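Residue numbering for the sequence shown follows the UniProt record's numbering, starting at 1 and increasing by one per position.
Positions of the beta carbon are idealized from the N, C-alpha and C atoms, including for glycine.
The structure presented is a predicted model; accordingly, all values stated were derived computationally and were not measured.
Take a look at the structure set out below.
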Amino acid sequence: TTPESSSETPDCQTRLNSLKYILSKKQKTPSFQLSARGHWSTWPAFASGQTVLKNHKPCCAPEERQSSNKQALLTIPKPRYLEQLESYLRKELQSLDLTKKNSQELKLQPYREIFEFFIDSFKTYKPLLAAIKNEYEVTLAHQKKTIRALEPLKAMVTTVSEECTQQILALQEKEKDEINMLKQEKQHLLKFIDNMKEEKSSLQTQVEHLRTSVAEEYAHYLNEYGARKLLLAKLNDMRNERLDVTRHQVQDVKGEDVVKLTLALKVARQDLAKAHVKLNAVIADYGDVVPRRDFESLEKKYSDLLQEMKTLQKDFDQLHKEYETLLEIHRETAEERDNFCAELQRVQLNYTPRPNWPKCSEAIPGGADRWGCLAEGKTSDQLVDVLLEEIGTGTLKEINVFPGWGKGDKVPVYLRHEGEVRNKKLTRKDVVNILKDVWKEKIALEQQTGKRSSLPEFFLSYLQKKYGDATAMEWSYTLYENMRLCRSNHVLSSFYDILTGKVGEEHYHGQNQLISSLQKELAACDSSNSGSLTSKHTALREAFPLKREESIQELVDASRYKLDSAEDLIDYVSLFKEDEEGNAEPFVAKLRSQYVREKQEYLRRLKNKLGDVIEVKADDLKTAFCTIDPDIDDQTLDTYIALAYQVRREQPGQEVVPVETVLERLLAGDVRQVGPSPGEGSSAGFEGE
């Protein structure tokens with residue numbers, strides 16, 4: 001069997017003819033080995049003389065295969081045609097200059113030629129092998145085109161990196177001046193504190209000195225006071241004695257004799273001597289006595305100084321507290337600055353020019369009005385999702401058939417089909433109604449049987465039962481593509497996430513239970529059955545005792561989005577209505593977003609409590625749950641542990657599981673906080689009526 005000529009380039013044709021000539025010279029026998037039954041030889045290329053089974057049937061049954069294994073093994077030599085191809089390949093590779101820039105393309109050319117020879121040798125498989133080769137060639141050309149298209153991006157990335165580096169350096173220079181100013185202010189405050197300390201020490205020394213002086217002055221004036229009183233008493237006595245002496249002298253002049261006067265004078269002199277002695281004693285004893293006037297004056301002065309010292313001490317304490325506050329503010333400011341710098345770097349790395357979104361109105365059905373409604377209040381990332389959804393739904397209406405995914409084990413059971421599947425071209429309203437009916441039938445079946453069924457399997461059985469086995473796949477593919485593209489619709493997106501396993505079914509039921517409980521709570525608070533409540537009613541406070549004040553206020557604002565600022569009566573029944581496409585009111589949408597946000601916050605605190613560990617045991621996870629949620633009951637705790645370790649609740653897992661895996665599993669399920677966090681009071685939103 002000689003290879004036929006191929007229709008390639010002249011160079012390739014020349015090499016092909018030369019190889020044909022060489023092979024025709026050397027090959028006298030058929031170039032490939034055939035088995036006894038006429039099949040191609042299965043001789044392996046890695047070992048000459050490898051034994052193969054005789055009369056081997058690739059598609060025979062296991063019983064036939066066992067009987068054939070008992071036959072004798074045959075030794076088959078390496079085919080000559082294979083040896084000739086390998087020899088030709090080695091010669092071509094040795095003749096190439098691999099130092100050139102396109103050495104890989106040059107090296108690929110001999111393999112192409114060998115593959116062409118190989119294709120020409122197999123007449124039966126030539127179309128399939130040629131198609132495979134052509135597909136590889138198209139893929140290589142596409143990859144080369146992609147590489148050439150990406151070359152300009154490399155230069156642009158380098159330019160953006162240099163600009164970001166310059167901006168970072170400019171920010172660092174700008175922050176350097178502020179840091180120096182803060183350091184100078186810190187040094188100034190430290191010097192001021194040192195001066196205050198020195199002044200305080202000086203005042204304390206003066207106070208001690210004044211205390212000692214006041215004590216000494218007090219003792220001195222007290223002695224003076226006593227001595228003065230004694231002196232006054234003695235002076236009064238002496239005055240009285242003088243008056244008596246004068247009176248006696250007058251009497252003596254009139255009738256007394258000289259002897260009596262002499263005696264009286266002698267006695268008076270003796271008394272005067274005694275008075276001098278007593279006066280000197282009093283002066284000696286009370287010389288240091290302080291007068292009361294001076295004492296009271298000094299005492300008042302001491303009291304004023306003491307009060308002034310207390311005021312200065314209070315001012316000093318206040319300055320010290322302000323200094324500590326400034327230090328804390330400086331630390332927080334530095335931390336915020338570092339966070340802002342990191343955020344700036346992240347934003348600069350991810351920065352792209354803001355698109356001109358109003359241009360999209362030209363390509364969206366409905367024009368600028370519909371695009372304005374779709375883009376209202378959305379970020380750029382959300383606008384991209386909206387645009388992709390509009391483009392996807394528009395394209396979906398133009399598709400008549402879907403390619404089948406095959407019947408492999410990795411293909412979901414509801415998409416296992418070979419060949420093309422017709423597009424039913426359903427409207428979004430039809431899709432929403434079908435999915436709601438699926439949920440209704442599944443919940444009814446589970447309540448009847450008491451067992452939880454798999455959503456993918458039930459989804460397929462529902463379609464087969466309702467539309468028949470022949471068209472079930474058409475409905476399945478159509479519904480799947482609509483769910484995959486319409487991510488803004490909660491009914492479609494939640495069903496798609498549960499169907500594909502991104503979240504658990506408990507997540508969907510948990511949100512519905514939360515909404516149903518709130519409806520019952522609001523209806524119970526409406527004693528008049530009017531269907532309306534004021535925005536200041538305490539219904540939300542009673543329904544969500546664990547929500548924060550800002551979360552309750554967000555719900556209040558969402559419930560008032562259709563009201564004027566003066567109106568206060570809210571129609572709570574209309575808050576839970578849906579349109580024909582299953583889109584909920586902003587109140588329910590906000591409630592669902594808060595449910596997801598609170599669960600993420602709950603798991604974030606759980607991760608912080610676990611610390612930097614990579615893997616976690618069930619007991620450690622229980623301890624972390626009880627720490628961040630002390631009011632959690634044993635049944636709920638066992639449910640969370642079973643969800644995290646993918647085991648039954650009565651069989652807690654003992655193996656170690658990575659923390660990230662545990663958090664992903666908990667995020668996909670219905671995980672909520674049971675009680676208030678330690679050290680955090682629950683705050684609610686609506687005021688009392």
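* Output yes or no for whether 9 Å exceeds the beta carbon distance between D385 and S488. => yes
* **Beta-carbon proximity list for L610, same chain, < 8 Å, skipping 5 on both sides** => V616, D620, L621, A624, V659
* **R487 in three-state terms, based on DSSP** => coil
* Asked: When we look at the beta-carbon of K465 and count the other beta-carbons within 10 Å, is it buried (16 or more) or exposed?
  -> exposed
* To do: Express the C-alpha separation of Q318 and R293 in angstroms, rounding to a whole number.
  => 38 Å
* Which two residues bound the contiguous beta strand (DSSP E) that contains R422? -> 420-422
* Counting Cβ pairs, one atom from each stretch, are 3 or more of them under 8 Å apart for the stretch 443-451 and the stretch 386-401? -> no
* To do: Classify P586 as helix, strand or coil using the three-state DSSP reduction.
  => helix
* Could I get the ranges of all uninterrupted alpha helix (DSSP H) runs contained in the stretch 386-473, with 4 residues as the minimum, in chain order? => 428-449, 455-467
* To do: Could you check how far apart the C-beta atoms of V491 and K429 are, in whole angstroms? I think they sit under 8 Å.
  => Contact flag wrong, Cβ pair sits at about 11 Å.
* Where M181 falls, given that 16 or more other Cβ within 10 Å makes a residue buried -> exposed
* Asked: If we call anything under 9 Å between Cβ atoms a contact, is V277 one with Y225?
  -> no
* Rounded C-alpha distance that separates T534 from L569 -> 5 Å
* **Cβ-Cβ separation, P110 to E92 (assumed contact under 8 Å), whole Å** => 4 Å
* Asked: What does a CB cutoff of less than 6 Å around S559 pick up in its chain, not counting 5 residues either side in sequence?
  -> I570, L575, F587
* Using the Cα positions of T159 and D338, report the straight-line distance between them to the nearest angstrom. => 25 Å
* Asked: What is the rounded straight-line gap between the Cα of L555 and the Cα of L591?
  -> 7 Å
* To do: Kindly indicate the opening and closing residues of the alpha helix (DSSP H) around Q313.
  => 292-350
* Are the CB atoms of E474 and N433 nearer to each other than 9 Å? -> no
* **Spatial distance of N583 from Q635 (CA atoms)** => 35 Å
* If you follow the alpha helix (DSSP H) that V282 is part of, which residue opens it and which one closes it? -> 258-285
* L575, enclosing alpha helix (DSSP H) - first and last residue -> That residue, L575, is in no alpha helix (DSSP H); it is neither H nor E in DSSP.
* Asked: Which value, in whole angstroms, describes the spacing of the CA atoms of Q295 and Y218?
  -> According to the sequence shown, residue 295 is Phe rather than Gln. Distance between the alpha carbons of F295 and Y218: 6 Å.
* To do: Specify the secondary structure class of E615 as computed by DSSP and reduced to three states.
  => strand
* Quick one: any contact between the stretch 303-313 and the stretch 125-143, if contact means 3 or more CB pairs under 8 Å? -> no
* CA-CA distance, H220 and L189? -> 46 Å
* Between which two residues does the alpha helix (DSSP H) containing K91 stretch? -> 80-94
* Does the beta-carbon of T449 have 16 or more other beta-carbons within 10 angstroms, so that it is buried, or is it exposed? -> exposed
* CB of R665 within 9 Å of CB of Q646, strictly -> yes
* To do: State the DSSP-derived secondary structure class of P152, mapped to helix, strand or coil.
  => helix
* Asked: Taking just the CA atoms, how far does L272 sit from K229?
  -> 18 Å
* Asked: Which whole-angstrom value describes the C-beta separation of Q313 and Q167, a residue pair presumed to lie in contact below a C-beta threshold of 8 Å?
  -> Between Q167 and Q313 the Cβ distance is about 50 Å, and since that is not below 8 Å, they are no contact.
* How would you label A472, buried or exposed, when you count the other beta carbons within 10 angstroms and need 16 or more for buried? -> buried
* Cα-Cα, which of I364, S517, G394 is closest to N482? -> G394
* Per DSSP, which one or two residues make a beta bridge with L533? -> I570
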